[in-house]
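Position 241 of the sequence shown, counting from 1, maps to 241 under our numbering, and the rest follow consecutively. Beta carbons: idealized from backbone N, C-alpha and C, even for Gly. Please read all numbers here as calculations on a predicted model, not as lab measurements.
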Amino acid sequence: MNNYLLDNFNNNSLEYDKEKYTFDKYVLDIIQEDYPYVDDLSKIHTHGLSGNQILKISEKVQKSFSSYEFSTMIDLFAAEYLQPLIGDTDFLVKRYPTLNFVVPNQEEIGRRLPFHQGITYDNGRGQGTIWMPLTKTFDSNSMYVVDHENSKKITSFALKNKITFEEWERLCLQNAYPIKYDVGSAHLFHQEIIHGNVNNVTDSTRMAIDWHILLKDEECGRRIPGGFFRKKDDFFTTILKNDSRQSIIYLSCNSDYDKNIVKIHQNDIIKKYCDQNQIKYSFKLEENDHFAWLPYLESLMEHDYIGTILMLSIFSLPDDKERRSTILQKAVKNKKKIIFANELQVLRDSEDINKVEYYRTFAVKKKGKYYWE
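Structure below.
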């Protein structure tokens with residue numbers, strides 16, 4: 001694992017200027033759009049919200065995390081407080097931070113987060129987690145963490161002995177402690193740290209923002225750059241102008257990334273993007289399996305009636321860089337737009353080609369063995 005992460009994201013605390021970075025106020029303002037009578041995040045449970053209402057609030061707040069205001073605040077925070085912890089290393093930030101919403105007795109409505117590590121939740125070891133409370137955290141309303149050495153011992157024991165879920169939770173809790181913070185503090189931990197929740201038996205709701213950074217040339221796991229992670233300022237929505245030519249969906253299962261993502265699931269993701277962005281498409285085309293050089297995709301660049309091609313991901317392009325470059329250069333030359341639904345990106349010019357390559361080469365899926373292997 002990267003030494004910066006081992007040293008500075010090893011259950012470390014970080015104090016920040018809460019008057020400058022008003023994350024708690026931002027979230028409260030979003031909630032008050034629907035519930036104007038809520039004036040204290042820690043007491044939101046006293047207003048009789050149902051489990052479904054809590055879910056809806058979480059979804060709305062998390063959707064707002066893609067806004068210009070919030071994304072800019074995250075970028076500035078990362079530059080001021082996180083960059084000094086990782087030297088000159090380049091990094092990406094999580095595109096959509098997560099809102100932790102823990103009401104009293106959350107277990108009763110099925111919202112308790114079991115103990116886990118980042119590496120068991122799709123995260124690569126090149127990531128650092130920033131856990132940022134929006135309310136006072138203490139006792140059972142807080143997140144519980146285990147130190148690094150005990151995290152490794154517990155996980156190794158669990159894998160070797162195939163223990164029950166109940167035994168796993170018991171071992172973790174025996175070695176865990178709650179984070180006791182107020183607004184203005186953040187907890188930094190890497191992906192080998194066990195963490196989770198217990199049932200909140202306090203009379204206080206806990207809210208926190210959970211997000212990550214990914215370091216250049218490090219391990220991303222299944223959280224790929226461009227989609228799950230973005231670079232600074234890469235959060236603007238591209239507004240497509242009307243095009244008299246047709247838009248089509250293109251599906252392929254020929255890259256290391258999409259070979260196990262069946263086309264019907266790819267199609268669902270692309271259609272969702274189209275619905276959200278009011279894009280109408282004419283038809284769907286499928287590449288032949290085992291045609292890793294994607295000849296059908298290349299041929300689409302020559303058809304005048306096609307203006308926009310909708311694909312799953314930049315990682316659905318050929319894994320061979322030279323072949324990938326040939327197709328993208330043809331797209332730009334022939335004035336075709338390619339939309340990558342997973343990364344929310346539109347390719348139109350050579351600068352966009354550079355962005356595709358930047359994300360595709362930013363990190364690796366895995367670097368070496370896990371400590372239990």
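| Considering serine 13, what are the terminal residues of the beta strand (DSSP E) in which it resides? | Sequence index remark: in the sequence shown, residue 13 carries index 13 (1-based). It spans 10 to 15 - the beta strand (DSSP E) in which serine 13 sits, taken as one unbroken run.
| request: State the Cα-Cα distance for the pair glutamine 137 and glutamate 302, rounded to the nearest angstrom. | output: The count along the sequence shown starts at 1 and reaches residue 137 at position 137. The count along the sequence shown starts at 1 and reaches residue 302 at position 302. Looking at the sequence shown, residue 137 is not glutamine but threonine. Whole-angstrom Cα-Cα distance: 59 Å.
| query | At a cut of 8 Å, does the segment 149 to 166 reach the segment 92 to 112 through at least three beta carbon pairs? | reply | no
| query | Quick check: the segment 296 to 316 against the segment 243 to 262, are there 3 or more CB pairs under 8 Å? | reply | yes
| said: Here's the rule I'm using: 16 or more other beta-carbon atoms within 10 Å means buried, otherwise exposed. How should histidine 290 be labelled? | reply: On the sequence shown, position 290 is the one that residue 290 refers to. The residue is exposed, with fewer than 16 neighbouring Cβ atoms inside 10 Å.
| DSSP-derived helix/strand/coil call for proline 133 | Within the sequence shown, residue 133 is the residue found at index 133, counting from 1. The answer is strand: DSSP assigns proline 133 an E or B state.
| field | Three-state secondary structure assigned by DSSP to alanine 341 | value | As a position in the sequence shown, residue 341 is number 341, starting the count at 1. The answer is coil: DSSP assigns alanine 341 none of H, G, I, E or B.
| Taking the continuous alpha helix (DSSP H) assigned at histidine 148, which residues delimit it? | Your numbering for residue 148 matches position 148 in the sequence shown. 148 to 161 is the extent of the alpha helix (DSSP H) around histidine 148.
| For glycine 128, which residues of its own chain have a beta-carbon under 7 Å away from its beta-carbon, when the five flanking residues on both sides are left out? | Residue 128 sits at position 128 when you count from the first residue of the sequence shown. Here the set comprises Leu5, Phe9, Leu188, His190, His212, Ile213.
| Can you name, in chain order, every residue of its own chain whose Cβ lies under 7 Å from the Cβ of phenylalanine 362, other than the five neighbours on each side? | To locate residue 362, count along the sequence shown from 1; it is residue 362. Contacts found: Leu92, Lys216, Pro225.
| field | Between the CA atoms of phenylalanine 229 and aspartate 7 - distance to the nearest angstrom | value | On the sequence shown, position 7 is the one that residue 7 refers to. On the sequence shown, position 229 is the one that residue 229 refers to. In a straight line, the C-alpha of aspartate 7 is about 23 Å away from that of phenylalanine 229.
| Cβ distance (whole Å) where tyrosine 273 is taken to contact alanine 341 below 8 Å | Within the sequence shown, numbered from 1, the residue matching residue 273 stands at position 273. Within the sequence shown, numbered from 1, the residue matching residue 341 stands at position 341. With 8 Å as the limit, tyrosine 273 and alanine 341 qualify as a contact, their Cβ atoms being about 4 Å apart.
| said: Using only CA atoms, which one of Tyr305, Trp293, Ile339 lies nearest to serine 325? | reply: As a position in the sequence shown, residue 325 is number 325, starting the count at 1. Minimum Cα distance to serine 325 is reached at Trp293.
| Closest residue to aspartate 24 among Leu55, Leu171, Ser42, Trp168 (Cα-Cα distance) | In the sequence shown, counting from the first residue as 1, residue 24 sits at position 24. Residue Ser42 is the option with its Cα nearest to aspartate 24.
| query | Do you know offhand how far aspartate 233's Cα is from arginine 170's? | reply | Numbered from its first residue, the sequence shown carries residue 233 at position 233. Numbered from its first residue, the sequence shown carries residue 170 at position 170. Computed Cα separation, rounded: 43 Å.
| said: As a quick exercise: from Asn175, Ile86, Pro318, pick the residue whose alpha carbon is nearest that of valine 146. | reply: Here residue 146 corresponds to residue number 146 of the sequence shown, with the count starting at 1. Here the closest residue by C-alpha is Asn175.
| task | Pick out whichever of Phe235, Val61, Ser350, Lys271 has its Cα sitting closest to the Cα of serine 71. | result | In the sequence shown, counting from the first residue as 1, residue 71 sits at position 71. Comparing Cα positions, the closest option is Phe235.
| query | Could you give the distance in angstroms between the alpha-carbon of isoleucine 210 and the alpha-carbon of leucine 28? | reply | As a first step, residue 210 must be located in the sequence shown, where it is residue number 210. As a first step, residue 28 must be located in the sequence shown, where it is residue number 28. The sequence as given places aspartate at residue 210; isoleucine does not occur at that position. Spanning the two alpha carbons is a distance of roughly 16 Å.
| Considering only residues of the same chain and omitting the five flanking positions on each side of arginine 222, which have a CB-CB separation below 6 Å? | In the sequence shown, the residue the question calls residue 222 occupies position 222. Around arginine 222: Asp122.
| What alpha helix (DSSP H) runs, 4 residues minimum, are completely inside the segment 152 to 230? | 165 to 175
| request: Below 8 Å CB to CB, which residues in the same chain sit around isoleucine 261 once its five sequence neighbours on both sides are set aside? | output: Residue mapping note: residue 261 aligns to position 261 of the sequence shown, counting from 1. If we look at isoleucine 261 and ignore the five residues flanking it on each side, its Cβ neighbours are Cys253, Leu312.
| query | glutamate 287: which of Lys366, Pro36, Leu317 sits nearest, CA to CA? | reply | Counting from one through the sequence shown, the residue named residue 287 turns up at place 287. When each option's Cα is compared against that of glutamate 287, the closest is Leu317.
| request: Please list the segments of the beta strand (DSSP E) lying wholly inside the segment 254 to 309, counting only runs of 3 or more residues, in order along the chain. | output: 283 to 286
| said: One question on the structure: do isoleucine 54 and phenylalanine 101 come within less than 8 Å of each other, judged by their Cβ atoms? | reply: Here residue 54 refers to the residue found at position 54 when the sequence shown is read from its first residue. Here residue 101 refers to the residue found at position 101 when the sequence shown is read from its first residue. The answer is yes: Cβ separation under 8 Å.
| field | Residues near leucine 85 by beta carbon distance below 7 Å, same chain, minus five either side | value | Mapped onto the sequence shown, residue 85 falls at position 85. Cβ within range, chain order: Tyr4, Asn8.
| query | Applying the criterion that 16 or more other CB atoms from any shown protein chain within 10 Å of the CB defines a buried residue, is valine 364 buried or exposed? | reply | The count along the sequence shown starts at 1 and reaches residue 364 at position 364. By the neighbour-count rule (16 or more Cβ atoms within 10 Å), valine 364 is not buried but exposed.
| message | Are the CB atoms of leucine 113 and methionine 207 within a distance shorter than 8 Å? | response | Mapped onto the sequence shown, residue 207 falls at position 207. Mapped onto the sequence shown, residue 113 falls at position 113. No, the Cβ-Cβ distance between methionine 207 and leucine 113 is not below 8 Å.
| query | How is the alpha helix (DSSP H) around asparagine 354 delimited, first residue to last? | reply | As a working mapping, residue 354 is identified with position 354 in the sequence shown. Per DSSP, asparagine 354 belongs to the alpha helix (DSSP H) from 350 to 360.
| query | How many Å lie between aspartate 75 and aspartate 88 at the Cα? | reply | For the purposes of this step, residue 75 is taken as residue 75 along the sequence shown, with counting starting at 1. For the purposes of this step, residue 88 is taken as residue 88 along the sequence shown, with counting starting at 1. Distance between the alpha carbons of aspartate 75 and aspartate 88: 16 Å.
| message | Using C-beta distances below 6 Å, list every residue in its chain close to aspartate 90, excluding the 5 sequence neighbours before and after it, in chain order. | response | Translated into positions along the sequence shown, residue 90 becomes position 90. Same-chain partners within the cutoff: Lys216.
| request: Taking only the alpha-carbon atoms, compute the straight-line gap between lysine 366 and methionine 1 and give it to the nearest angstrom. | output: Here residue 366 is taken as the residue at index 366 of the sequence shown, counted from 1. Here residue 1 is taken as the residue at index 1 of the sequence shown, counted from 1. Distance between the alpha carbons of lysine 366 and methionine 1: 11 Å.
| Taking the DSSP output, what are the residues bridged to histidine 45? | Position 45 of the sequence shown, counting from 1, holds the residue named residue 45. Per DSSP, none; premise fails for histidine 45.
| Under 8 Å, do asparagine 11 and isoleucine 193 count as touching if we go by C-beta distance? | Translated into the one-based positions of the sequence shown, residue 11 becomes position 11. Translated into the one-based positions of the sequence shown, residue 193 becomes position 193. Against a cut-off of 8 Å, the Cβ pair of isoleucine 193 and asparagine 11 comes out as a contact.
| said: Taking DSSP's pairing of strands, which residues face serine 247 in a bridge? | reply: Here residue 247 corresponds to residue number 247 of the sequence shown, with the count starting at 1. Answer is Thr308, bridged to serine 247.
| request: Put leucine 377 into one of helix, strand or coil per three-state DSSP. | output: A question about residue 377 goes unanswered here, because the residues of the chain that appear run from 1 up to 373.
| message | Which residue wins for smallest C-alpha separation from valine 356, given the options Lys335, Glu373, Tyr370, Ile327? | response | Locating residue 356 in the sequence shown gives position 356, counting from the first residue. When each option's Cα is compared against that of valine 356, the closest is Ile327.
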